[in-house]
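Protein chains: 2
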Amino acid sequence: MSISKESIINLGHGSGGELTRELLDTIIFKTFNNPYLNQKHDGSIVKIEGEIAMSTDSFVINPIFFKGGNIGALAVHGTVNDVAMCGAIPKYLSLSFIIEEGLPMSEFKTIVAAIKDAADQSGVQIITGDTKVVERGKGDKIFINTTGIGQVHKKANISTANIKPGDCIIVNGQIAQHGIAIMSEREGLEFESDIVSDSTNLNHLTIGLLDKFGDKIKLFRDPTRGGLGTVLCEISTEINLGVFMKETDLPLDKQVAAVCEMLGLDPLYVANEGVFLAVVDPSIATEVATFMQQHPKGKNATNVGVFTTEHPQKVVMESSIGGKRIVSPLVGEQLPRIC
Amino acid sequence: MSISKESIINLGHGSGGELTRELLDTIIFKTFNNPYLNQKHDGSIVKIEGEIAMSTDSFVINPIFFKGGNIGALAVHGTVNDVAMCGAIPKYLSLSFIIEEGLPMSEFKTIVAAIKDAADQSGVQIITGDTKVVERGKGDKIFINTTGIGQVHKKANISTANIKPGDCIIVNGQIAQHGIAIMSEREGLEFESDIVSDSTNLNHLTIGLLDKFGDKIKLFRDPTRGGLGTVLCEISTEINLGVFMKETDLPLDKQVAAVCEMLGLDPLYVANEGVFLAVVDPSIATEVATFMQQHPKGKNATNVGVFTTEHPQKVVMESSIGGKRIVSPLVGEQLPRIC
Numbered sequence: 008m009s010i011s012k013e014s015i016i017n018l019g020h021g022s023g024g025e026l027t028r029e030l031l032d033t034i035i036f037k038t039f040n041n042p043y044l045n046q047k048h049d050g051s052i053v054k055i056e057g058e059i060a061m062s063t064d065s066f067v068i069n070p071i072f073f074k075g076g077n078i079g080a081l082a083v084h085g086t087v088n089d090v091a092m093c094g095a096i097p098k099y100l101s102l103s104f105i106i107e108e109g110l111p112m113s114e115f116k117t118i119v120a121a122i123k124d125a126a127d128q129s130g131v132q133i134i135t136g137d138t139k140v141v142e143r144g145k146g147d148k149i150f151i152n153t154t155g156i157g158q159v160h161k162k163a164n165i166s167t168a169n170i171k172p173g174d175c176i177i178v179n180g181q182i183a184q185h186g187i188a189i190m191s192e193r194e195g196l197e198f199e200s201d202i203v204s205d206s207t208n209l210n211h212l213t214i215g216l217l218d219k220f221g222d223k224i225k226l227f228r229d230p231t232r233g234g235l236g237t238v239l240c241e242i243s244t245e246i247n248l249g250v251f252m253k254e255t256d257l258p259l260d261k262q263v264a265a266v267c268e269m270l271g272l273d274p275l276y277v278a279n280e281g282v283f284l285a286v287v288d289p290s291i292a293t294e295v296a297t298f299m300q301q302h303p304k305g306k307n308a309t310n311v312g313v314f315t316t317e318h319p320q321k322v323v324m325e326s327s328i329g330g331k332r333i334v335s336p337l338v339g340e341q342l343p344r345i346c
Numbered sequence: 008m009s010i011s012k013e014s015i016i017n018l019g020h021g022s023g024g025e026l027t028r029e030l031l032d033t034i035i036f037k038t039f040n041n042p043y044l045n046q047k048h049d050g051s052i053v054k055i056e057g058e059i060a061m062s063t064d065s066f067v068i069n070p071i072f073f074k075g076g077n078i079g080a081l082a083v084h085g086t087v088n089d090v091a092m093c094g095a096i097p098k099y100l101s102l103s104f105i106i107e108e109g110l111p112m113s114e115f116k117t118i119v120a121a122i123k124d125a126a127d128q129s130g131v132q133i134i135t136g137d138t139k140v141v142e143r144g145k146g147d148k149i150f151i152n153t154t155g156i157g158q159v160h161k162k163a164n165i166s167t168a169n170i171k172p173g174d175c176i177i178v179n180g181q182i183a184q185h186g187i188a189i190m191s192e193r194e195g196l197e198f199e200s201d202i203v204s205d206s207t208n209l210n211h212l213t214i215g216l217l218d219k220f221g222d223k224i225k226l227f228r229d230p231t232r233g234g235l236g237t238v239l240c241e242i243s244t245e246i247n248l249g250v251f252m253k254e255t256d257l258p259l260d261k262q263v264a265a266v267c268e269m270l271g272l273d274p275l276y277v278a279n280e281g282v283f284l285a286v287v288d289p290s291i292a293t294e295v296a297t298f299m300q301q302h303p304k305g306k307n308a309t310n311v312g313v314f315t316t317e318h319p320q321k322v323v324m325e326s327s328i329g330g331k332r333i334v335s336p337l338v339g340e341q342l343p344r345i346c
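Respectively, the protein sequence lines represent chains X and A. With my numbering, you'll find the first sequence wraps up at 346, consecutive numbering, no jumps. With my numbering, you'll find the second sequence wraps up at 346, consecutive numbering, no jumps.
Dropping the structure here:
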């Protein structure tokens, strides 16, 4: 009955009995060893000063292992980044697994180790959790929910309501990498050089920006599912302003662009996991881009567009040959189970 | 493309594009209408004074509709109760869906309505969420994660470390009802009168107890998966004390007892969703039981046992005919997907 002799997860590991306890003791508590989790209760008690940001995501990505990461690291990055986008300093995560019976124990261990690494790099602690197991054919290997709480940065005043015409949209890095990496894994596509998911934590960079620029940062947003195009459409609709951007300004890896072309995908709608946009006062746009470029997570930072009263609720992109097109909201699904 | 014409959930509803937005606007935001959620961001900002309790659970119960509730109400009760067991006042929940393609929209709406009702009755608000859709055969109708945060009660000092020999274990109500209700749904068993899940929120009662008895309450714990027996085994092992209890003291409905007998199940290991135990100083044991009995969620409250130095780390139960047996920790799975 010892875990070492168990090669797969079975229903007993989710029953709340001794097998559950053993799984927790030998893998979870051992890995995430911290005083909060070590209470081994159904919840944890922490203290956060001031306002609290809270965000949740369930990760159902397929495949669970991919170039540049796995579902475990992604589950940390995704929620850490969502808390960061609120203008907050991510502090604590909850961690909840829904495992399909039959998942190799070795894969579970690899995923848990990746969660630990990602949490350490992000500066957050896993303080409470849950493990459920479903029968074969009633899940798909593993789904992970993380919910994060963080302390709102004292200088932050993040709100779409603060955006004014003329404000600039600075993007930290190259778009569409996560979606294309997953797509190529899934379809078994082989490229000359590898396209790797950009899954990473962005909180250190966003906190740095708030430290330096405070409330001149109007908005952070991470364009994950739906991509940059969908996020810009949502914001422009919400605040009744237009967005004007040039295709040539988009930070886009040549190889990713080529694969998008080949597969008939528009990179504006392809998912990202290490990209965010900052909407800033035009007076600091260049300075913000330069600041980002000096940070490892912002090397390819670019000013990609501007808010305008010209065409309210419409995102307009000028193509490389000078034509203009409207970037429409994404309807239906492009790449399912991308995060 | 309007939701009213859609009879089922499809992959597009989880893609992050327009169908997702429409699902959120017409069902989620409309139902949970509150200023936090209405920010429509990836996270929400709230304020909690003092210490924060956090707890998470993923609900995978099968069937999703059962006598006495459904997965939606259960997902609220479960997490509200876990936060309450920390000695806290539950305040805010996140809500995350993993839906299998093909779920009838009508069932989704029923579940969302039940979540709203349960949240209102518990006095908590849904402030942030996530919706993912997986292909047919890669999930099972719907899984729900809720994560809750609450304010630790000013008078609370909940910890197993406070438990002393002689402390009493008061249980608020009849055990094993949830597990048996689910089991009978699943197996299509018919009984003369219906056994109904006890799924409910316990926070108003636990807060009342803390208001009145403060730190004389040593511990709250809700015996869900694994049942009362598993929880008592865990506590007695952790604090190196024994538990002595009498079978005749256990609050157990006669019909539930009969079904357990028939199915060969020990009610001590059957899951509960509306039961909790309070470990209290013996000087207030009777008063605590009486206080509970006056509350709608504690009508069957009973002192079921006592902590002792006699047989450390062992739970011993005296049967109705005077024999004694050791209540062992549950190994493996008894009833999978019970919550």
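Every residue gets a Cβ at the ideal spot worked out from N, C-alpha and C, and that includes glycine. No experiment lies behind these values; they were computed from the predicted model shown.
{"Asked": "CB-CB length for X/E58 against X/V159, believed under 8 Å", "Found": "4 Å"}
{"Asked": "Closest by C-alpha distance to X/K116, when choosing among X/K37, X/M299 and X/G221", "Found": "X/K37"}
{"Asked": "Residues that A/K139 contacts on chain X, provided the C-beta gap is smaller than 7 Å", "Found": "S65 and V67"}
{"Asked": "Contacts around X/I71, its chain only, beta-carbon distance under 8 Å, and the 5 residues preceding and following it disregarded", "Found": "N77, I78, E114, I118, K148 and I149"}
{"Asked": "Proximity below 7 Å, CB of X/E108 to CB of X/N17", "Found": "yes"}
{"Asked": "Whole-Å CB distance - X/K219 paired with A/S65, under 8 Å assumed", "Found": "39 Å between Cβ atoms; not a contact."}
{"Asked": "Neighbouring residues, chain X, relative to A/L337 (Cβ below 8 Å)", "Found": "S22, G23, G24 and E25"}
{"Asked": "The region 83–92 of chain X contacting the region 152–172 of chain A, beta-carbon criterion three pairs below 8 Å", "Found": "no"}
{"Asked": "Chain X within 7 Å of A/C93, Cβ atoms only", "Found": "yes"}
{"Asked": "Contacting residues, own chain, Cβ-Cβ under 6 Å from A/D222 (five flanking each side not counted)", "Found": "N164"}
{"Asked": "Short CB-CB distance (under 7 Å) between A/L239 and chain X", "Found": "no"}
{"Asked": "Secondary structure of X/C175, DSSP reduced to three states", "Found": "strand"}
{"Asked": "Residues in the region 86–110 of chain A having any Cβ partner in chain X nearer than 7 Å", "Found": "D89, V90, M92, C93, Y99, S101, S103 and I105"}
{"Asked": "Proximal chain A residues relative to X/D147, where beta-carbon distance stays under 9 Å", "Found": "V141, E142, G144, K145 and G146"}
{"Asked": "Min CB distance A/S9 to chain X below 7 Å", "Found": "Since pLDDT at A/S9 reaches only 49, below the 50 mark, its modelled position is unreliable, and the value read off the structure follows with that caveat. Answer no: the Cβ-Cβ gap between A/S9 and chain X never drops below 7 Å."}
{"Asked": "Check whether A/E254 and A/S326 have beta carbons under 7 Å apart", "Found": "yes"}
{"Asked": "Chain X residues whose Cβ lies nearer than 7 Å to that of A/M112", "Found": "Chain X residues near A/M112: none, gap ~16 Å exceeds 7 Å."}
{"Asked": "CB contact flag (X/G349, X/V178, <7 Å)", "Found": "Within the shown structure, residues of chain X are numbered from 8 to 346, placing residue 349 of chain X beyond reach of any answer."}
{"Asked": "CB of X/V295 within 7 Å of CB of A/V67, strictly", "Found": "no"}
{"Asked": "Sequence ranges, beta strand (DSSP E) only - wholly within the region 233–304 of chain A, length at least 3", "Found": "249–253 and 284–287"}
{"Asked": "Where A/V311 sits in the DSSP three-state scheme", "Found": "strand"}
{"Asked": "X/M8 versus X/S14: straight-line alpha-carbon distance, rounded", "Found": "For X/M8, the pLDDT reaches just 45, beneath the cut-off of 50, and the residue's location in the model is therefore unreliable, leaving the point undetermined."}
{"Asked": "Closer than 7 Å to chain C by CB, X/E254", "Found": "The structure shown has no chain C; the protein chains it does contain are X and A."}
{"Asked": "Contacts around A/L30, its chain only, beta-carbon distance under 6 Å, and the 5 residues preceding and following it disregarded", "Found": "H20"}
{"Asked": "Distance, A/K47 Cα to X/G330 Cα", "Found": "33 Å"}
{"Asked": "is_contact[A/T411, chain X] using C-beta, thresh 7 Å", "Found": "The shown model of chain A, from 8 to 346, leaves out residue 411 of chain A, and the question about it has no answer."}
{"Asked": "Whole-Å CB distance - X/D260 paired with X/K225, under 8 Å assumed", "Found": "Contact doesn't hold; Cβ gap of about 28 Å is too wide."}
{"Asked": "7 Å Cβ shell around X/A264 - same chain, five flanking residues per side excluded", "Found": "P274"}
{"Asked": "CB contact check: X/S51 to chain A, cutoff 7 Å", "Found": "yes"}
{"Asked": "Contact with chain A by X/M324, beta-carbon distance below 7 Å", "Found": "no"}
{"Asked": "Assigned secondary structure, X/I202 (DSSP; H/G/I helix, E/B strand, else coil)", "Found": "coil"}
{"Asked": "Contact the region 211–218 of chain X vs the region 311–324 of chain X: 3+ CB pairs below 8 Å", "Found": "no"}
{"Asked": "Assigned secondary structure, A/A183 (DSSP; H/G/I helix, E/B strand, else coil)", "Found": "coil"}
{"Asked": "Interfacial residues, the region 150–169 of chain X to chain A, with Cβ spacing under 7 Å", "Found": "F150, N152, T154, I156 and V159"}
{"Asked": "A/N247 classed as buried or exposed, judged by whether at least 16 other C-beta atoms fall within 10 angstroms", "Found": "exposed"}
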